[in-house]
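The opening position of the sequence shown corresponds to residue 1 in full-length UniProt numbering, with each subsequent residue numbered one higher.
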Amino acid sequence: MVEKRQESIDNEIMQQHDTHYSEDKLWAKIKKYAKKAGSSVVYAVLILYFVLQKEEVPKKDKVIIIGALGYFIFPFDLIPDMAVGVGYADDIGALVAALVRVAMYIDEDIKQQAKAKLTDWFGEDVDTSDIDDQLV
Numbered sequence: 001m002v003e004k005r006q007e008s009i010d011n012e013i014m015q016q017h018d019t020h021y022s023e024d025k026l027w028a029k030i031k032k033y034a035k036k037a038g039s040s041v042v043y044a045v046l047i048l049y050f051v052l053q054k055e056e057v058p059k060k061d062k063v064i065i066i067g068a069l070g071y072f073i074f075p076f077d078l079i080p081d082m083a084v085g086v087g088y089a090d091d092i093g094a095l096v097a098a099l100v101r102v103a104m105y106i107d108e109d110i111k112q113q114a115k116a117k118l119t120d121w122f123g124e125d126v127d128t129s130d131i132d133d134q135l136v
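See the structure below:
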């Protein structure tokens, strides 16, 4: 009974966040704002995206990932993304909170997939230590 209620709550939350999260919206936001957001924000987004693709991640953790990615995509948040210097501070907070929650699913393969995408977009000299250090 409790499990069915939790599943119902998870489904409801996922439906609410689905209005802000979609793969198309995610890639469009990254394409448009990757340089402005910075490699740390994009790296966190990519890690969460790749963890979301893993079948063994429980639905309740996928809900958290979708919520964090939806917050990143949503243009109206606590600190507007256009605010110079601090626009993505709230986004990174939400992303790191989700990363901490799903850290057990972040393996070297996930990190390598994210780093490969970062290298494509930002070049070879990308520093991912800000996020990697928080995942240890």
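Glycine included, each C-beta is placed from N, C-alpha and C at the ideal position.
Taking VAL102 as the centre and dropping the five residues before and after it, the same chain places the C-beta of LEU48, VAL51, VAL57, ASP61, ILE64, ILE65 closer than 8 angstroms to its C-beta, in chain order. Put simply, the backbone Cα of LEU99 is about 7 angstroms away from that of ALA44. By the Cβ neighbour-count rule, SER129 is exposed, with fewer than 16 other Cβ atoms within 10 Å of its own. For GLU108, the three-state secondary structure derived from DSSP is helix. Cα atoms of ALA28 and TYR71: separation of roughly 14 angstroms, rounded to the nearest angstrom. A straight line joining the alpha-carbon of TYR105 with that of THR119 spans about 22 angstroms.
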